[in-house]
Amino acid sequence: MPARLLTRRRSLPLALLVLAAALAPLVLSDFTIGLLALWLPFVMLAISLDLLWGENRIVSFGHGAFFAGGGYIAGLLLRGPQADATGVNYALLSSGNGNGSTFDSVLHTLSGIQVAGVPPLAFALPVAICGLVGLLVGMAVFRIGSVEVYAPLVTLGVGVIAATVFLKLAVIGGSNGLSGIPPYTRQLAGGSQVSIYVFNAVWLAVVYVAYAAFRRSRAGRRWRAAGDDPIRLEALGVDVRRLRALGFAASAALAGLAGALYVGASGFMSADTAGVVFSVQALIWLAVGGPGALFAPLVGVLAIELADHQLSERLQNTWQLLLGVLLIVVVLGAPRGLTGLAGSGAAAVQRLFGRAQPPGAAS
Amino acid sequence: MLVQIAAQGLSVGAVLALSALGLTIVYGVMGVVNLAHGEFVMLGAYAMTLLSPLIGPWAAIALAPLIVGAIGLVVDRALIRWLYHDPVKSMLGTFGLAIVIRQLVLIVEGPQLRYVGLPLTGAVSLGFGQTFPLWRVVLIAAAVVVGIGMAIWLARSATGLKVRTTTVDADVAQSLGMNVGRVNALAFAIGTGLAGLAGALVAPLDSVYPNMGLSYLVGAFLVVILAGLGSIRNALGWAAGVGLLTAAVAVPADDVLAQVVVWSVALAIVALRRQPLVASRV
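The listed protein sequences correspond, in order, to chains A and B. All letters in the first sequence, in the order written, are residues 236 to 598 by this note's numbering. All letters in the second sequence, in the order written, are residues -4 to 277 by this note's numbering.
Here it is as structure tokens:
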């Protein structure tokens, strides 16, 4: 099968999607565009989870840590050294070997490298550092028995450590969080909401195309095979553990990039983001979207965040309750999520009009 | 200080053991990773705070596991039984359950912190002029008694045999004529009942509020990662180990560093261990 990205079935919705994304700034208010600019990095985070969960049945309860880590790194580079951030108070290392001035001068040098006002290291460093940490975590997780059970447990631990450390690091604001981060488009376009939205939308589009291409590539099929039948793949001569460690690293790097884009839109990052609650929120997006489906991350994030935005203030605690019930309902009743429901709905309509497809064709 | 660390460590370990036991039994028997486990601890703590002014602390401690276990039984029939032997599905479903329980308690009882007095206020002398709260001694004793009691019950009783058989192979147990559904429900009621007991016992030492469960879940997870899901003996041993390591860092330094050290050591141990972790029997 030739690796074609644009099948006829996909090209129409895709064209509509691109059109909608392009027209959104003309139609929607600045406030709504600002919200969308925040949600697009969430979609990227959901893609990084789908790479693991949808394609390989690995569930991570710690991707918030990579998202937050990437956000902090990018935030520091975007903001540059601050007058008030005088000392690096590594409360964890009570001997005090953190040296404020050294940190500031390194940060000054790194954030000084700019292309059109955008420090490229604000993307490169989160990707590199989160990727490296992800590789180490992946090497640890996939050595041991049942991946389905232990990947969530170990990644949960990673999230706990990260949230605890971030909370204590004075250099990234400690429990106050890192605030006052300027957007990437500060010099390009004055940092308007629309410019931030376009910036994040272009990044997301690039990632989405790359992800779609990966899914159809040889490497993508091998990756999926490792989820379907790791033992057989091992017998065919593939080192499944190394493959999974690499895949986890790629996913962590993508989550770091998402965090870097997020702080450009929010101007803020807090240690809470690294915690279990946000990591699970990201899993809920994907569960509702339908893990394994290309558009699930987009559908899931938009559905949940729109509902959250509309209902959370009006219903307060009841909204959280509904979210819990929704998660249970999706897990029990619609394991392929909203995209799965839409798919079976479309198939039902087609059957109704006599254009039946063989069951294997709808994938 | 060594005595202080040992005493403190064992009491931290006792709480970990009590909350990890239920988690590990539920996974061992029905292959469900219960992310709502911390919420059952929270329910136990609420049962303690609400009941002990009415019927006294000791009766409240006795009732809390029964009440929470009964809630667990209902939850098992309504939800958990659809999640058996599917770790990923069970984690998501029980996380949804955790949100539901938390929000229901929040809506009914409000977000404020609640406190309950210590049933026993004395202290024991550790020598070297240091003392140790009597309630923490009770906690350690309770963990040891419950742990050993569970192990004996599983090893000797007829029901324990059924539970062990189901753990090894649910299909075979079913074909031998055991009512596996009933065994599963019983195991889930026991697991949540233990969580309720843990909650009731720690309530006097901690503030009680709707979101308190998460830290107990995380602690229980830590023990379970190290001990392997489904093994009681290992869970008790590793809970003590984790408690002692926590105290060894927390007493001279601080809690945060302790948490980081403990998790880092745990991940390192997991990474360096060769054999698969899933124990084949309870």
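Every residue, glycine too, gets a C-beta built ideally from N, C-alpha and C. If you're wondering where the values come from, they're calculated on a predicted model, not measured in any experiment.
When the options are compared against residue i, the one with the closest alpha-carbon
i	options	result
L557 of chain A	B:L46, B:L99, B:G186, B:A54	B:L99
T574 of chain A	A:P526, A:A542, A:I539, A:L546	A:P526
G462 of chain A	A:L252, A:R292, A:L273	A:R292
P276 of chain A	A:I407, A:N435, A:S427	A:N435
V83 of chain B	A:G580, A:G369, A:V512, A:L567	A:L567
F483 of chain A	A:L254, A:L471, A:I282, A:A255	A:I282
G124 of chain B	B:L74, B:Q(-1), B:Q254, B:A263	B:Q(-1)
V255 of chain B	A:L371, A:T399, A:D265, A:M279	A:T399
M173 of chain B	B:G238, B:A234, B:T154, B:D81	B:T154
F338 of chain A	A:V350, A:P355, A:G315, A:L286	A:G315
L280 of chain A	A:S427, A:Y446, A:I407	A:Y446
D250 of chain B	A:E540, A:L546, A:L402	A:L402
F35 of chain B	B:G17, B:G23, B:M25	B:G17
G369 of chain A	A:A581, A:A583, A:A386	A:A386
F358 of chain A	A:A490, A:R467, A:R451	A:A490
M86 of chain B	A:F588, A:V511, A:D474	A:V511
R450 of chain A	A:V372, A:P570, A:F530, A:M374	A:F530
H298 of chain A	A:G373, A:G269, A:V341	A:G373
M25 of chain B	B:V257, B:Q169, B:D201	B:Q169
A259 of chain B	A:L284, A:I396, A:D265, A:P570	First, the residue type needs correcting, since residue 259 of chain B is Ser and not Ala in the sequence shown. Selected option, being the one with the closest Cα: A:I396.
L267 of chain B	A:A375, A:A495, A:V382, A:L356	A:A375
G122 of chain B	B:M(-4), B:A263, B:A261	B:M(-4)
V21 of chain B	B:H80, B:V257, B:D201, B:R151	B:H80
Contacts that residue i makes with chain B (C-beta to C-beta distance below 7 Å)
i	result
R292 of chain A	V83
Cβ of residue i within 9 Å of any chain A Cβ
i	result
G23 of chain B	no
A182 of chain B	no
Q107 of chain B	no
S120 of chain B	no
S259 of chain B	yes
A266 of chain B	yes
L262 of chain B	yes
T46 of chain B	Contrary to the premise, residue 46 of chain B reads as Leu rather than Thr in this sequence. Not an interface residue.
Contact set between residue i and chain A, taken where Cβ atoms lie within less than 8 Å
i	result
F123 of chain B	Here the premise fails: no neighbours, minimum Cβ distance about 25 Å.
I220 of chain B	Y385, L388, V389, G392
9 Å Cβ cutoff, residue i in contact with chain B
i	result
I407 of chain A	no
D465 of chain A	First, the residue type needs correcting, since residue 465 of chain A is Pro and not Asp in the sequence shown. Taking Cβ atoms only, chain B never reaches closer than 9 Å to P465 of chain A, which makes this a no.
R559 of chain A	Looking at the sequence itself, residue 559 of chain A is Gly, so the reference to Arg does not match. Closer than 9 Å: yes.
A250 of chain A	no
P532 of chain A	no
W288 of chain A	yes
A318 of chain A	Reliability of the predicted coordinates at A318 of chain A is poor, the pLDDT of 48 falling under 50, and no value is obtained from them.
L576 of chain A	no
F338 of chain A	no
L481 of chain A	no
W458 of chain A	no
E548 of chain A	no
L518 of chain A	yes
P570 of chain A	yes
F296 of chain A	yes
A326 of chain A	Residue placement at A326 of chain A is flagged as unreliable, the pLDDT there being 36, under the threshold of 50; the coordinate-derived value follows with that caveat. With 9 Å as the cut-off, A326 of chain A counts as an interface residue toward chain B.
N332 of chain A	A caution first: N332 of chain A carries a pLDDT of 44, below 50, which makes its placement in the model too unreliable to give a value.
V253 of chain A	no
Neighbouring residues, chain B, relative to residue i (Cβ below 8 Å)
i	result
L280 of chain A	Simply none; closest approach about 17 Å.
I563 of chain A	L74, G88, G91, L92, V95
V515 of chain A	F90
A522 of chain A	L87
L556 of chain A	I94, V95, Q98, L99, I102
V511 of chain A	L209, V213
Within chain A, partners of residue i - CB distance below 9 Å
i	result
W77 of chain B	V566, L567
Neighbour list for residue i in chain A, Cβ cutoff strictly below 7 Å
i	result
L101 of chain B	N552
Distance cut-off 8 Å: residue i Cβ against heavy atoms of the ligand NAP
i	result
V564 of chain A	Looking at this structure, you won't find the ligand NAP or any other ligand, since it has none at all.
Neighbour list for residue i in chain D, Cβ cutoff strictly below 8 Å
i	result
L217 of chain B	In the structure shown, chain D cannot be found, because the protein chains are A and B.
What residues in the region 375 to 403 of chain A have a beta carbon less than 7 Å from any beta carbon of chain B? Within the region 375 to 403 of chain A, the residues whose Cβ lies closer than 7 Å to any Cβ of chain B are, in chain order, A375, R378, I379, G380, S381, E383, V384, Y385, P387, L388, V389, L391, G392, V395, I396, T399, V400, K403.
| query | Taking the runs of the beta strand (DSSP E) that are 3 residues or longer, which of them lie wholly in the region 184 to 219 of chain B? | reply | Look at the region 184 to 219 of chain B and you find no whole run of beta strand (DSSP E) that is 3 residues long or longer.
TODO: Can you check the region 515 to 552 of chain A for any alpha helix (DSSP H) of at least 4 residues that lies completely inside it and give the ranges in chain order?
DONE: With a minimum length of 4 residues, the continuous alpha helix (DSSP H) runs that stay inside the region 515 to 552 of chain A are 531 to 550.
Along the region 229 to 257 of chain B, where does the CB come closer than 9 Å to a CB of chain A? Name the residues. Residues of the region 229 to 257 of chain B with a C-beta atom less than 9 Å from some C-beta of chain A are A248, D249, V251, L252, Q254, V255, listed in chain order.
Exercise for review: Could you name the residues of the region 362 to 376 of chain A whose beta carbon sits closer than 9 Å to any beta carbon of chain B, in the order they occur along the chain?
Suggested key: Those would be L371, V372, M374, A375, V376, in chain order.
Subject >> the region 15 to 44 of chain B: positions lying closer than 7 Å to chain A by Cβ >> reply: Cβ contacts with chain A come from V28.
- Query: Going along the chain, which unbroken runs of the beta strand (DSSP E) with 3 or more residues stay wholly within the region 469 to 502 of chain A?
  - Reply: Listed in chain order, there is nothing to give.
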